[in-house]
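Residue numbers (our numbering): 745 to 1081.
Beta carbons are placed, not taken as given, at the ideal position from N, Cα and C, and that holds for glycine.
Every value quoted in this text rests on a predicted model; they were computed, and no experiment measured them.
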């Protein structure tokens, strides 16, 4: 609201309904007491003295006490609402860790050995992870036979979730998987950012790698100081890869050249090697547990925070002291009269 040319907000506006209720009850109580005192005086006095008592009761002193009490209650309620005005700008120190999240969007991520499928489980896990992270910049990389930056590093988790919700296996047309692609993408991003202390990549995948060239980026991983937390999605016994029509309905399963149904299996050993060689950690994504999320957060918290540029933040200053002071003076004056 705008009052006297100033923008005024209330820090405890959620309590407005309760404050209104308390104010109305207080107003009723003050008025009721005032009326009862008058009634009692009239009942106790004889008709001879009623006119004189009524005049005494309605003197300036009693009227002043009534209005001072009402004024005090009004401004006390106003103080509880925490009025705020007068903008103030401060530089807020920014720190956190940069975490790139890479998600495998190859067709094998549609396998249903995780319900409803591997990709949907990953999206659910990423959301739960971000709900528990604080002050971290996160970015989103999607990969299959190649990789794309779906969302650059940001602290705006709402925007990140919008990009995450759009993720499916149709974003990248190639169906095979090259695990070195998101690693190269992460190295490129962190190289452009400069010499930050912490560079983290979370790699969500079933570990199927048809390029077989992850070892070719090991030197660059060490050079940049990239740490990789690999998150294995799927099971060792695996599941067939569904073939979907244009409407998203399953019409069969992928088959090899001999006509046998292809079983997509989690390659834990490869993901463990990648994590170990990059001083990271391997975590297995669990369907009905959040222990995997806790393990990832525990690992992230061990890394040192980066220092970012200070950010100028404007906020309205709390001014509850003024209505509180008026309430105190009014109630003190009422008590002294």
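- With respect to residue 974, residue 947 sits close: the two C-beta atoms are nearer than 8 Å.
- The secondary-structure analysis by DSSP pairs residue 951 with nothing; it has no beta-bridge partner.
- Burial state of residue 876 is exposed, judged by a 10 Å Cβ sphere holding fewer than 16 other Cβ atoms.
- A direct Cα-Cα distance of roughly 48 Å separates residue 872 from residue 771.
- If you check the CB distance, residue 897 and residue 883 come in under 8 Å.
- With fewer than 16 other CB atoms across the displayed protein chains lying within 10 angstroms of its CB, residue 860 is exposed.
- Taking C-beta atoms as the reference points, residue 1074 and residue 815 count as a pair closer than 8 Å.
- In this structure, residue 1044 lies near residue 944, with their beta-carbon atoms less than 8 Å apart.
- In the DSSP assignment, residue 1039 falls within the unbroken alpha helix (DSSP H) covering 1035 to 1045.
- Looking at the DSSP output, residue 987 shares a beta bridge with 996.
- Rounded to the nearest whole angstrom, the C-alpha separation of residue 888 and residue 976 is 15 Å.
- Membership of residue 962 in the alpha helix (DSSP H) is indicated by the continuous run 962 to 968.
- Setting aside the 5 residues that flank it on each side, residue 774 is surrounded in the same chain by 810, 813, 814 and 817, each with a C-beta closer than 8 Å to its C-beta; the list follows chain order.
- Per DSSP, reduced to three states, the secondary structure at residue 852 is helical.
- Residue 893 is bridged by DSSP to 885.
- Within 10 angstroms of the beta-carbon of residue 1061 lie fewer than 16 other beta-carbons, which makes it exposed.
- Residue environment: residue 831 is assigned as exposed (fewer than 16 neighbouring CB atoms within 10 Å of its CB, all protein chains considered).
- Contact annotation, residue 952 with residue 1011: C-beta distance approximately 6 Å; criterion of less than 8 Å satisfied.
- Residue 851 is classed as buried because its beta carbon has at least 16 other beta carbons within 10 Å across all chains shown.
- Residue 1064 is a Cβ neighbour of residue 823, given a cutoff of 8 Å.
- Secondary structure at residue 1066: helix, using DSSP grouped into helix, strand and coil.
- Under DSSP, residue 1008 shares a beta bridge with 983.
- 854 is the residue among 921, 854, 964 and 880 whose C-alpha sits nearest the C-alpha of residue 912.
- For residue 849, the closest C-alpha among the options 878, 890 and 1023 is that of 890.
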